Each structure stands twice: as C-alpha cells, then as structure tokens.
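Residue numbers for the sequence shown follow the working numbering, beginning at 1425 and rising by one.
Step one of this worksheet: look at the structure below.
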Amino acid sequence: MRDGLPTYGMANLGTTGRPSRFTRWLANRIWNERTGVRASEDLVRLDSALRFGALYALTILGPILLLGYFGVADLLSGEASLTAEITQEAESTIGSCATDVEEVFERFEMATRNRLLSGRSLVEAPGELSTHLLLTLRLDAQGQITAPFDEPITAPPSDHTFFLTGPFAQGRRIEGQDPALAAALYRIAAKQAPGMTSEGTAALQQARAMNGAGFTREAEAAFADIVAEYPSARDAWGFLVADLARLERGQLLIEREPEIGVGALEAVVDDILGRRWTIGQGGEAAVARRALVLMEGQADPDWLASRRSRVDQRSHQLYWAERLQRELDPLTAGGRLLQMAPGRFRYTLGDQALWATAWFDDELYAFALDRAGLFEAIQAAANRAPRGDSPVVVDVLSPDALSPLGALARRSLAPWLPGWTLVAKHIDPEGLAATIRWQRARRIVLVLVAILLVGAGGLITGRLVSRELDLARLKTSFAANVSHELRSPITQIRLKGESLQLDLWEDEDDRRRHYDAIVRESERLSRLVDNVLDFAAIERGTKNYTIRPHDLGITLRNAVQSMRISMEARGLTFDADIPDELPMVAHDQEAIAQALTNLLSNAAKYGAQGKWIGLSTNVLPDGVEIYVADKGIGIDRDEIPRIFEQYYRSQDPRARSLKGTGIGLAIVKYIMEAHAGQVSVSSTPGRGSVFTLFLPFS
Ligand code: ADP
C-alpha cells in the first residue's frame, strides 16, 4: 500500500498538481497505516501546506529575517561609525592643538640654543627667547644663583636711631633754611657714625648740603671722594652710597659741562647694568632710571632707548627672581639638577612658574616660564582649534583640575607641562547622546515599517494566492460536478425512453409517468445547460439582458408553472402566492424566470425534508420583493456570505451529498445586479431558509 496511497481519488480532490515526492515520502511516514481516499485528501492538504510553508518562508519569513538582521547590523554600525567619526574628529583636533603647544616649546628651546651659539648672554632679555619667559637664572652646581643677580644680602640692620637723633637729625631739620650749617652738622654726624652705612649716608648728605649752599665745586669733589671711599656701602634704603654720589655728581656736571656730565652719567648706567644686582634690592634700577631721565635731551636717543629697555628687563627679572626664588629651592635641592643630561631641557611645574632647566657646557640655567600666561595661550589655541562646524571642543586641564565627563580624547602635555592634559569633548554631550538616540529610534522605526510592509504584502499575496488556489480547486470540482449532473438526467431519459420504445409498460398511467419523467429530466437538463452556458457567458462578459417593462406576475407564473409539476412529482407541497395585480417592472423575463427557477430548484433540493416550499411577493414603494422559502436543512451562518460566490458549495455534508455545481446562486446574484436589484438570504440551520429577490421599479 506504500505507493497506492496517493494514486487514486485525486482527480476529485481538485488538486492543482501531483504532490511532490517529498510530500509523498512525508505522508508515508505520518500515515503509514492509513489508506484510501481519506489519506489522499490528507496528502493533498499536506502538499498544499508544505507548498504554502515554502512560499511563506521564501517570500515573507526570509525577507523579514534578512531585514531584521541587516537592520540591527546597520543600527549598530551606524552608531559605531557616528562615535568613531566624532572620536576621530576629537583626536585630530586635539592633535593639532598639541602640535601648537609643542611648537611653543620647540621655538623656545631653539631660540635658547641659537642665542648660545651666537655667544650672547642667556640671562639678558628673556622676552626674546619666549614671550612667556619671565626670568632666566644661571646657577652653580649647588643651585646657588650666579647670574644675573646676587642672592639677598643678609646684612645686620643698620642703626636707624642714628638717623633720627643727634647731628644727622638736626641737619635734616635745618637743611631747608641753612644748608651750610646742615653740611657742618652732617660732617660731625659722619665722624660719629657707628658703621659704613651711617657714615656713607652722612657724607652723602653733607655733599648734597654743600651743593645746596652753593659750594658746587666742593660738593663735586666731595661726591668724587664718596665714590672712592664707600664703594660698597648701602644706605638704609638699600641704595649704594657710591651710586647715589655718582648720580649727584653727574647731575652737577651736566649743568655746567653737559658733555662731561652725560659721559659720567652714561658710565653710571653702564656700570649698573654691567654689575649683578641683588635680589630684594631695587636701588640699582632706581638710580639707573634717574640717570637716564637726567640725560634726556642730551644723550643719543637710541642709546637711551636701548639702556632703558635693558633696565626695564632687568627690573622685571629682579621682580620675578624675588617672587619665584622660593620655588627654585626644591628644584635644586639634593643636587638633582646635576643628573640632567647636557643640552636637554627638563620641565618642572612650580606654583607660579613652569621651570625649564638645562646644562649648557658647564653652566646650569633655570628658565621660569609664566605658568598662567602659558595656560591662557594654550587654552586660546585650544579654543581656536575647532574648525568650521566641528562639534568638538578642547579644554586644557592643569594637574589639579577635574576631568570632564564624556571626554572623547585626551593628550598629555608631558614632558613640557607635566600633569597637564588636553581633553577633547563634544560641544554638547547631551545633544550627542540625543542624536544617537534619535538615529537609533529612526532606524528601528524604519526597519519595523519595512518588516511590517513585507509582512503585510506577504499576507495579502498569501491570501490572494490561496484564493486563486481555492478557485482553481473549485473549478476542477465544478467540471466534475457538471459532468455528474449531466449524466444523471441523460441516463434517466435514456432508460425511460428505451423502456417506452420496448413497450415495457402496458398500463397507460405507467407510460404517462415515464413520459412525464422524460419531460422533467429534459427540463432539468436544459436548466443545467442554460445555467452552464449563461455562466460561461457571464464569465466571458458577453451576457446581455433585455430589460423592458413587463408584467412581473406573468413572468413569475410562467416560471412557477414548469417547476410545480417537478415539485409535486417529488411529493413537495408548493405554496405559490402570486397576486393577480402585480405592477409592471422593467426586467428581462427569461433572466428573472431563470433566477426564480434556480432558487426554487435549490429549495426543492435542500428543502426536501421540510416537504414544503413557499413563494410570495410583496410590493414596496421602490420595488417588488419575491420570497422563496423552504423548511429544509438551512445554511450555516458563516457560509451565508460565501454561497453567492461562483463554484462555492456548502461544506455541510447533508448539502454535499446532494448534486450541484455551485453556480446557481452566482448566476442569481449576477442577474439581480444586472437589474440593479439584489438577492439576500436569511436562514436557520435545520429549520429552513428564505431567499429574497428585490427588483426595483427604476
Ligand atoms: P448548488 O449547485 O451547489 O446548489 P448554488 O449556487 O445553487 O449551487 O448554491 C450554493 C450553495 O448554497 C449550495 O451548495 C447549498 O449549500 C446552499 N444553498 C442554496 N440554496 C439553499 C437552500 N434553499 N437551503 C440550504 N442551502 C442552500
């Protein structure tokens, strides 16, 4: 039975082709013990299910899975590429910013080496090496400053009371009124002075008072003596007494003999600039500036400008040397600087300065760079960094700053600025997150919409295909049903005709019954053929009706007449109530008669068990309703919408057991629509049905 399973019973099942080998193999596995037509039906169903499954997998599931897969992959790669793009942008921005910083230091180191090569002093004019350079110091191996300044003098404080009491104080009081007397008093004070500071100061005051009293030449000589006698004495305010004396002398000379005066003052300035100043003492700068002011208009302007600038620079350095000296100590402590490779810069961060230290030949240099200024310059470079519509910003973080959230890239500024970092971040980190979220949502929606479209498209296609397959199956069974329907009246006519021909019936009544039967079967045959031909014409679109006003009563009575005999022959009570006065209605008589005949023959067929068939009419304002009722098997509620479809036959086994083609009601529906009317049905399964035809007046 293995192979017999699918081979018969198939022609009646309306399959659209032979089940595949695979289906047969599978069916043999599943229904090994079952045989016959039932198994064949299952086989066909299994085959369709498998074909459908394959079709769905190919047209719906496959594309949905692919869409889902590529959608998710695209989503992930889209996000990754957005992040990668921004990170790359951040890297490149931070890179260019770091290059700017690198350049600042390279330029400084290069300038330092060039200055050395050209033989100029490194400690002079720090501004020329770098705009950020505050101070350059030369140190010895112990870290003591050797140029351009001396360490602060820790001299014992001078005796201030000397200047406030005795002849010195008296001299100060009367100097305005009597300079000559004041000079005498200062002379006494100088003799009594307790040390070089007081002695030098008193001598200087004496010379000044002499000048004030008009003894110019004597005063000039006195100033010259002071220069020789007190070369290193400083007064109570930190001024070198000798410097002050030279300044005063120069001032005297310039009034009398300008050239000699200018020469003397020039010597004062150059001498001060050629000498090392002392950290914590600002006297030199003040004396030099005063000398330059005195020479104004007398000396060469270029010379004046160059000296003024040197004095300014030296004063500037002195100021910073004083402020930063404390920061230098930890740098030099423990001989750490000695371990540095010659010619290489080492950078150390102090509180106010960034210290660059380097050995050149046997000399150690410490360069103090302006930490705050550098920070500002680097931040400014960082702010300049974003070009065009770049969403990246760069921040400079000093060692004590907190790292920002959402940093995309960072770059250490070591070795130049140990502990400092450049950090690149998105200009609006929350905006970036929102953009990523939005893009993700958009992609998800797109993928879902695409999946939905494919799914919906697949479902619609599936339904259409399934409908077409249904129709194909129905058509096949239609052909079988028609041939079956044809055979039965033909057989009846032939049998009855032959029996009459052979004179088998002697009784006149018997012969009459057989003649009637032949007429009945012929009518049935002709109805069937009419239906099939009409249906074919309807399907081709060539069916035409001649709709003209006629007496509806006549049409109905004609139709009823031919049916009555066949119904009564079957033992059915036919209750036809057609009023005499039915209005004129535009219709095709043949077509309406055909519609009515189809309904009546259905009622006779499916309503046989109720043994009663009713026909009645009702005139409405807009048309006439014709009712065909029976008390038969009725129609299942779910099937009502389908029975008017072409080829459709009820699934109810009681209806199926009766012969039929499935086109009768389809033709009725078509005819009624051609008349702008309609057909409807109300039915209770097991209790009967009422079909209603509605024919409108217009
Ligand atoms: P058929 O040739 O099968 O009768 P029809 O188009 O005339 O085709 O009818 C379609 C289906 O409607 C029938 O198969 C039957 O199941 C159902 N049907 C039609 N008329 C009746 C009725 N009076 N009572 C119950 N079922 C009916």
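Every residue gets a Cβ at the ideal spot worked out from N, C-alpha and C, and that includes glycine.
Predicted model, so just to flag it, every value in this text is computed and none were measured.
Alpha carbon to alpha carbon, how far is ALA1631 from ASP1736? Give it in angstroms, no decimals. 30 Å
Practice task
Taking only the alpha-carbon atoms, compute the straight-line gap between VAL1847 and LEU1558 and give it to the nearest angstrom.
Solution key: 27 Å
Would the beta-carbon of ARG1770 fall within 8 Å of that of THR1781?
-> yes
Check your understanding: Any idea which residues DSSP pairs TRP1701 with across the strands?
Key -> PHE1573
Quiz item: Can you tell which of ALA1960, THR2116, PRO1823 has the C-alpha that lies nearest to the C-alpha of LEU2039?
Solution: THR2116
Is it the case that the CB of THR2085 approaches a heavy atom of the ligand ADP more closely than 7 Å?
yes
Can you tell me which of ILE2002, GLY1767, GLU1992 puts its alpha carbon nearest to the alpha carbon of ASN1982?
ILE2002
inquiry  = With the cut-off set at 8 Å, would you say THR1560 and PHE1799 are in Cβ contact?
reply    = no
So, helix, strand or coil for VAL1461, using DSSP?
-> Reliability fails at VAL1461, whose pLDDT of 47 lies under 50, so the model's placement of it is uncertain and no value is given.
### Message
Can you determine whether any heavy atom of the ligand ADP sits closer than 7 Å to the C-beta of LEU2089, and answer yes or no?
### Response
yes
Original post:
Of all the options LEU1980, GLY2034, MET1991, which has the alpha carbon lying nearest to the alpha carbon of ILE2050?
Top reply: LEU1980
- prompt: With a Cβ-Cβ cutoff of 8 Å, do PRO1603 and ALA1633 count as a contact?
  reply: yes
I'd like to check one pair, GLY1843 with PRO1823: are the Cβ atoms closer than 8 Å?
yes
Quiz prompt | Residues bridged to TRP1779 [DSSP beta-bridge criterion] | solution = THR1772, ALA1792
- Query: Taking the Cβ atom as the reference point for each residue, do ALA2019 and ILE2095 lie within a distance shorter than 8 Å?
  - Reply: yes
Worksheet item: Hey, HIS2167 and ILE1971: beta-carbon distance below 8 Å or not?
Response: No information on residue 2167 is available, as it lies outside the stretch 1425 to 2122 that the chain covers here.
| request: Could you tell me if GLY1477 is buried or exposed, where buried requires 16 or more neighbouring beta carbons within 10 angstroms of its beta carbon? | output: exposed
query = Mind checking ALA1504: buried by the 16 CB within 10 Å criterion, or exposed?
reply = exposed
Q. Within 7 Å: the Cβ of ILE1942 and any heavy atom of the ligand ADP?
A. no
task = State the start and end residues of the unbroken alpha helix (DSSP H) segment that holds PHE1586.
result = 1584-1588
### Task
At 3 residues or longer, and completely inside the stretch 1809-1890: list those beta strand (DSSP E) runs for me, N to C.
1816-1821, 1831-1836, 1845-1850
When you compare the CB positions of VAL2114 and SER2106, do they come within less than 8 Å of one another, or not? yes
May I have the straight-line CA-CA distance separating ALA2017 from ARG1936, to the nearest angstrom? 27 Å
| At what residues does the alpha helix (DSSP H) containing ILE2050 begin and finish? | It is not in any alpha helix (DSSP H) - ILE2050 instead sits in the beta strand (DSSP E) that spans 2047-2054.
Beta-carbon proximity list for SER1554, same chain, < 6 Å, skipping 5 on both sides: PHE1532
For GLU1787, the residue or residues it bridges with in DSSP: PHE1784
*asked:* Given 7 Å as the limit, tell me if TYR2030 has its C-beta closer than that to any heavy atom belonging to the ligand ADP.
replied: yes
Where ALA1617 and ILE1684 are concerned, what is the direct C-alpha to C-alpha distance, given to the nearest angstrom?
33 Å
Integer Cβ distance of ARG1714 from LEU1677, believed to fall under 8 Å
At roughly 15 Å, the Cβ-Cβ gap does not stay under 8 Å, so ARG1714 and LEU1677 are not in contact.
Check: Is the Cβ-Cβ distance between ASP1659 and ILE1696 less than 8 Å?
Finding: no
Using the beta-carbon count (16 or more within 10 Å), is ALA1412 buried or exposed? Given that the chain is displayed from residue 1425 to residue 2122, the structure contains no residue 1412 and the question cannot be resolved.
request  = Spell out the partners DSSP gives HIS1974 in its beta bridges.
outcome  = VAL2009
Thinking C-alpha only, which one of HIS1556, ILE2064, LEU1837 is nearest GLY1519? LEU1837
Proximity to ASN1807 [Cα-Cα], best of ALA1857, ARG1475, VAL1525, LEU1949:
VAL1525
Next on the checklist: Within the continuous beta strand (DSSP E) that includes ILE2037, where are the two ends?
Outcome noted: 2036-2043
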